[in-house]
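Going by our numbering, the first residue of the sequence shown is number -3, and it counts up by one from there.
Yeah, the Cβ is synthetic: ideal placement off N, Cα and C, and Gly gets one too.
In this text, all values refer to a predicted model and were calculated from it rather than measured experimentally.
Everything on this sheet refers to the single structure shown next.
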Amino acid sequence: MYDDYLIKIAVIVVILAIVLFAVIPATLFIVSLLVNFVFGTTFTLSYLQCLALEGVFLVLKIMWKLLPPVTRGEQLN
């Protein structure tokens, strides 16, 4: 039973790693290429820039969740 639990945790960690380090930066890269194509600019992001941008978004999201509800503008019940 303990081994099954570890296997489930390992699978979840691998899936999260694939999403965080492959899917999201690739999506940002594709979006930057589309922006470049549509607006005719030279705005393109490299993979490392997309990864850094994703890290910034992740940190901001975590910081937003850590704020007290009143600061976020939510109603207290």
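Alpha carbon of residue i to alpha carbon of residue j, nearest angstrom
i: V31; j: V10; result: 31 Å
i: V52; j: K61; result: 14 Å
i: T37; j: V15; result: 28 Å
i: K4; j: L47; result: 26 Å
i: F35; j: V27; result: 12 Å
i: V19; j: M59; result: 23 Å
i: I8; j: F17; result: 14 Å
First and last residue of the uninterrupted alpha helix (DSSP H) at residue i
i: A18; result: Premise fails: A18 is in no alpha helix (DSSP H) and is neither H nor E.
i: G36; result: It is not in any alpha helix (DSSP H) - G36 carries neither H nor E in the DSSP assignment.
Inter-residue CB distance, residue i and residue j (contact presumed, cutoff 8 Å)
i: L49; j: L24; result: 6 Å
i: Y43; j: P21; result: 6 Å
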